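Asks: Sharing a structure here in structure tokens format.
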Amino acid sequence: MNFQEKLTNILKSVFESSEKNEYDFSLSSSYMQEENSSDYDLTTEKIQENQKLFESKNIFPSLAVTLEYINVKYNTLINSDIVVREFSLNARNKQYNAFLLFIDGMVDSKLINDNVLEALMLRNRSNIFEGNQNQIINEAKTNNIAVRKIKKFDLEDYIFNCLLPQNSVKKVTNFEEAFSGVNMGNCLLFIDTLSVAFDIDVKGFKQRSIESPSNEIVIKGPQESFVENIRTNTSMIRRIVNNENLIIENIDVGKLTKTKCCVCYIKNITNSDLIAEVKYRLNNLEIDALLSSGELQQLIEDQNKYSVPQILLTERPDKATKYLYSGRVVVLVNGNPYVLIMPATLVDFISSPEDSNLKFQFANFIKFLRLLAIVITLLLPSFYVAISDFHQELLPTELLFSVLASRENVPFPIIFEILIMEISFELIREAGLRVPSPVGPTIGIVGALVLGQAAVSASIVSPILIIIVAITGIASFAIPDFSFGFHLRIMRFVFIFLGYIAGFFGIAFGICIYACILCNINSFGVPYMVPYGPITNLNQSGFFLKPVWKREKRPDYLNTKREKSQSHISRAWKYK
Amino acid sequence: MSEQKIGNWEAIALILTIIINHIILELPKDIIQTTSSGAILNVVFISFVALGIIFLICNLLKKFPGLDIFDISKFLGGKWLKLIICILFLLYILFIASTLLRSFSEILKVIFFPRTPIYLIMILFFIAIFIINRLKFKAMARANLFFTVLVLLTLLFVFLGNLENFTWQRIYPILGNGAYSTFFSGLSNLYAFGGISYLYLIPPYLKSQKDYSKVAFISILSSAFCLLISVSTLLFMFSPVLIKQQIFSLYLAARFIEFGRFFQRVDAVFMLIWLFSILYYLSFAFYFITSIFKKIVNLKNSKWCVSLFILFSFGIALIPKNMLEVIILESSIYKYIIICLIFIIGLGILVLANIKRLCIAKKKGVSEINENFY
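Each protein sequence line maps, in turn, to chains A and B. Quick note on this note's numbering: the first sequence kicks off at 1 and runs consecutively. Quick note on this note's numbering: the second sequence kicks off at 577 and runs consecutively.
Next comes the structure, spelled out in structure tokens:
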């Protein structure tokens, strides 16, 4: 071994560390493979071409072919709530193969059993005579010649008129119409040899007994929220999505609890890698019990060491649907009214379901306010500490005098003063949540007015600090996502400490590391700070919204199978 | 390496950060010191020269896609030349980063922390650098992009906010101390574009190699613009004699900005934004230092390399006894190191490597050498 090798070995033994075994999943996206973007487009086109080839309009007379078609269209092998009930139908003493198609959770089972299956399957009096006998409507005899008016037997009419004792039945001849009915909660009856299907109204999903959302309130928009029952939740999503490409797959999580989870996505939109990754993570959880979606969130997040949330939770079916159509995956957990949406970026955490219901000018103004709220929540107390201790020159002289005068009687250092108030505020907030609801507002009033006023009178804190803490508190309520708001509340204390030890230098230190950490996080292969870090298509997926008719594309960082969400001219009426 | 690839905008921001931080500190002041009222003309002149050099570098690097200066020097002179170039670049970045850190810490001490020991201020910088370096390079580059935009805006704001304080006549005599000092001896001010050194290092980190020229030109053009407005701000605000006696002139210019009675002293806000930029500059510097070191000793993973260099840098930064020594170091040694390393050695290696490549191609009787050959 020569000197150089010896030296290299020594250096290696001193400095080399074991390779980081980091789990690094990334979506094969267009912006990551700019060079291969043309290939990607080709693939998308090919997929769409294949889909067109597969589209069929009219119902097939052969039941086997229809069944095969429906199995593929609805992905019945993986879709957990799609039910295909095959049976033999009795009509005029003859049996016909038939099947029913409906979505579990959206239909009334009793109606199906009593008014559809029983009527079709059981032998009744009208069914006992021979199959193809013609029905005699009236008969007249003249000169021993009998003239009979008969009606030729027609299975389609016979079933429609005699065997379906249900108030609303419609004959449909094409699949598009038929699937639309199923997606709305109807049941479809297909019979061998018939090229029509019967769309039977058996809707039975939960409607207004579902409560309005308590934590994600909107003014203009649907007022219903998810409930504990997973089937009710899937039916709500199905009803809003109203498309057969929605897949709802069942996965059991927890060795002992076997908690039912549903992975929902839209087959022809969502990236296949993303779907596979979500299922992979859910299938590889070695836990005994899964009791809530919050637990699941922590179990499948990319980087748990940071407090920043990386999966979106919502109680609103319309929000979940909106994200499904943008190409995300939604996971429902049985027994939990919150569903998980993944991947999620920072922009998603500061967007509200209200935004898309409002005109873009209003929405953008509110979004700007929210940005301001984030800055205030995170940095206002620390800026106050930094300016009071290190950068007094920033304040105009008159204001500086009044700040100093207000602090004259306070014996504590500013950090102590602000920590007292911030912790008191957090206590009031926590207590307000825990106390019985009639007492809740009282706690707030007592906390805010009495405690604040008393603290100022007792010279424990200065009046200006009360203003700072109050503004910070109000701003923190303007953040739409609870988890993200919580994260900011924790980070606020870190920044207060940094502002106290080194003023703006400390804050800059904190912001630099914080920004770098945010840029380092990935949520299911999607960078957390996208579309700003890395810069992707800002026009279509930026924080501020474009007019609704210009939101043509889905977020490019999700690398969806369908790039466009609406045509270039969406308001076609205007140009016709 | 694939996970460390950065986009064009991130790469542009990286180069800009390197140049802007020197602009924020002492660069415009040094330029005005050497060229007096001819500073603006000098900046325009050296910007054109820098663009010419960039054109040359881009063309020379075209034949070595995805390779940095070290790989090219290995192709040219084997592993020993690579080792020498690696060590030279490592020492250069380490020296520049350490002096910049010391210089900025001294300024912070003077402005905000008069009673705090300098090493405590520096330790805070080192902690931030250490933490940021534990994260991925691309995260660093992405975060830096946000702050670079902010810093560019502050430079523009200092210029526009001080318009009413400008004495436009200070541009005369337009040639300053004469044509010789503006265009010939003033050529040494080319060191303002020291960020070009990072252009030699970033090819392996670029997502799209074909955009290298775009990155190089946009970053140098933007830097030239920043340099021009900073030099203009100082020249129009202070007389060249006064500038000689100042430290951190751009900060002093920021102190003059006022809007009505309320915003009268917003200089601390500028300082806050410039601190972001300085922190990222140092983080990049230490990232490249450790990656060069890893290349030298052929290390794949090392958690603690960066801490070693942080300690080194800490030592180097504490060597100068006071601010004056730092300024002398920056204005005398720094200038010539950059000119030697970047514009002579770096370009020389590229030219020779291209000649060697042509010779090999000639010997083999082919017009082009396969990329895998390197």
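C-beta atoms are modelled at their ideal positions from N, C-alpha and C, and glycine is treated no differently. Bear in mind that the values here come from a model prediction, so they are computed numbers and not experimental data.
Going by beta carbon distance, what residues of the same chain come within less than 8 Å of residue 941 of chain B, once the five residues before and after it are set aside?
Replies: Excluding positions up to five away in sequence, the list is empty.
Asks: Can you tell me the Cβ-Cβ gap for residue 727 of chain B and residue 805 of chain B, rounded? I've got them flagged as a contact below 8 Å.
Replies: About 12 Å separates the two Cβ atoms, so there is no contact after all.
Asks: At the 7 Å Cβ level, is residue 257 of chain A part of the contact set with chain B, yes or no?
Replies: Not an interface residue.
Asks: Measure the Cβ-Cβ separation of residue 253 of chain A and residue 312 of chain A and say whether it is below 7 Å.
Replies: Their beta carbons are not under 7 Å apart, which means residue 253 of chain A does not touch residue 312 of chain A by this criterion.
Asks: For residue 153 of chain A, tell me which candidate among A:199, A:92 and A:286 has the shortest Cα-Cα distance.
Replies: For residue 153 of chain A, the nearest C-alpha among the options comes from A:92.
Asks: Spatial neighbours of residue 33 of chain A within its chain, please: C-beta separation below 6 Å, excluding the five flanking residues on both sides.
Replies: Confidence at residue 33 of chain A is low in this model, with a pLDDT of 45, below 50, so its placement is unreliable and the value that follows should be read with caution. So no residue of the chain qualifies.
Asks: Assign residue 954 of chain B to one of two classes, buried (16 or more other C-beta atoms within 10 Å of its C-beta) or exposed (fewer than that).
Replies: This structure cannot speak to residue 954 of chain B, because chain B is shown only from 577 to 950.
Asks: Give a yes or no on contact between the region 176 to 187 of chain A and the region 99 to 107 of chain A, applying the rule of three or more CB pairs nearer than 8 Å.
Replies: Taking 8 Å as the limit for Cβ pairs, the verdict is that the region 99 to 107 of chain A does touch the region 176 to 187 of chain A.
Asks: What's the call for residue 650 of chain B, buried or exposed, on a 16-neighbour Cβ count within 10 Å?
Replies: Answer is buried; the Cβ neighbour count reaches 16.
Asks: Do residue 858 of chain B and residue 717 of chain B have their beta-carbon atoms positioned less than 7 Å apart in this structure?
Replies: It is not a contact, given that the beta carbons lie outside the stated cut-off.
Asks: Less than 7 Å separating the beta-carbons of residue 802 of chain B and residue 711 of chain B?
Replies: Cβ atoms of residue 802 of chain B and residue 711 of chain B: not closer than 7 Å.
Asks: Kindly indicate if chain B contains any beta-carbon less than 7 Å away from that of residue 556 of chain A.
Replies: Chain B, which has no Cβ nearer than 7 Å to the Cβ of residue 556 of chain A, makes this no.
Asks: Kindly indicate the opening and closing residues of the alpha helix (DSSP H) around residue 364 of chain A.
Replies: Element bounds for residue 364 of chain A: 360 to 389.
Asks: Within the continuous beta strand (DSSP E) that includes residue 95 of chain A, where are the two ends?
Replies: Taken as a continuous stretch (DSSP letters only), the beta strand (DSSP E) holding residue 95 of chain A covers 94 to 103.
Asks: Flag this pair as yes or no: are the beta carbons of residue 541 of chain A and residue 531 of chain A separated by less than 7 Å?
Replies: Against a cut-off of 7 Å, the Cβ pair of residue 531 of chain A and residue 541 of chain A comes out as a contact.
Asks: Short of 9 Å Cβ to Cβ, which residues in the region 871 to 892 of chain B face chain A?
Replies: Of all residues in the region 871 to 892 of chain B, 872, 873, 874, 875, 876, 877, 878, 879, 880, 881 and 884 have a Cβ within less than 9 Å of some Cβ in chain A.
Asks: Looking at the secondary structure, which residues open and close the beta strand (DSSP E) in which residue 164 of chain A lies?
Replies: It is not in any beta strand (DSSP E) - residue 164 of chain A carries neither H nor E in the DSSP assignment.
Asks: Is residue 756 of chain B helix, strand or coil by DSSP?
Replies: Of the three classes helix, strand and coil, the one that applies to residue 756 of chain B here is helix, per DSSP.
Asks: Let's see if you can read the secondary structure: which residues bound the alpha helix (DSSP H) around residue 179 of chain A?
Replies: Where residue 179 of chain A is concerned, the enclosing alpha helix (DSSP H) stretches over 175 to 184.
Asks: Could you spell out the range, first to last residue, of the alpha helix (DSSP H) harbouring residue 912 of chain B?
Replies: Looking at the DSSP string, the run of the alpha helix (DSSP H) that includes residue 912 of chain B is 911 to 914.
Asks: Tell me, please, whether the CB atom of residue 301 of chain A is closer than 7 Å to any CB atom in chain B?
Replies: False, the Cβ-Cβ gap to chain B never drops below 7 Å.
Asks: Do you know offhand how far residue 964 of chain B's Cα is from residue 490 of chain A's?
Replies: Missing from the structure shown is residue 964 of chain B; chain B here goes from 577 to 950 and no further.
Asks: Look at the alpha carbon of residue 427 of chain A and the alpha carbon of residue 708 of chain B, and state the distance between them as a whole number of angstroms.
Replies: Cα to Cα, residue 427 of chain A sits roughly 34 Å from residue 708 of chain B.
Asks: Considering just the uninterrupted stretch of the beta strand (DSSP E) at residue 536 of chain A, what are its terminal residues?
Replies: No beta strand (DSSP E) contains residue 536 of chain A, which DSSP labels as neither H nor E.
Asks: Along the chain, where does the alpha helix (DSSP H) that runs through residue 270 of chain A open and close?
Replies: Note, residue 270 of chain A: premise wrong, no alpha helix (DSSP H); not H, not E.
Asks: Is DSSP giving residue 425 of chain A helix, strand or coil here?
Replies: Helix, per DSSP.
Asks: Any beta-carbon of chain B closer than 7 Å to the one on residue 537 of chain A?
Replies: Not an interface residue.
Asks: Hey, residue 893 of chain B and residue 698 of chain B are a contact pair by Cβ (cut 8 Å); roughly how many whole angstroms apart?
Replies: Right, the Cβ-Cβ distance comes to about 6 Å (below 8 Å), so this counts as a contact.
Asks: Quick one: what does DSSP say residue 315 of chain A is sitting in, helix, strand or coil?
Replies: Reduced to three states, the DSSP call for residue 315 of chain A is coil.
Asks: Applying the 10 Å Cβ sphere with the 16-neighbour rule, what's the burial state of residue 916 of chain B?
Replies: Residue 916 of chain B comes out exposed.
Asks: What are the residues of the region 847 to 866 of chain B that lie near chain A, defined by any Cβ-Cβ distance shorter than 7 Å?
Replies: Listed by position, the residues of the region 847 to 866 of chain B near chain A (Cβ gap below 7 Å) are 847, 848, 851, 852, 855 and 856.
Asks: Strictly below 7 Å CB to CB, what residues from chain A border residue 837 of chain B?
Replies: Neighbours of residue 837 of chain B on chain A, chain order: 396.
Asks: Relative to the C-alpha of residue 482 of chain A, which residue among A:409, A:321, A:62 and A:338 is closest?
Replies: It is A:338 whose Cα lies nearest to the Cα of residue 482 of chain A.
Asks: Can you tell me which of the three DSSP states residue 571 of chain A falls into?
Replies: Residue 571 of chain A: coil per DSSP, three-state reduction.
Asks: Could you give the DSSP three-state label for residue 35 of chain A: helix, strand or coil?
Replies: For residue 35 of chain A, the predicted structure reports a pLDDT of 43, less than 50, and the residue's modelled location is therefore unreliable. A value from the coordinates is still provided. DSSP places residue 35 of chain A in helix when its eight states are reduced to three.
Asks: Quick test of your reading: residue 832 of chain B and residue 738 of chain B, contact by CB under 8 Å. State the CB separation rounded to the nearest angstrom.
Replies: Yes, they are in contact, since the Cβ atoms of residue 832 of chain B and residue 738 of chain B sit about 6 Å apart, within 8 Å.
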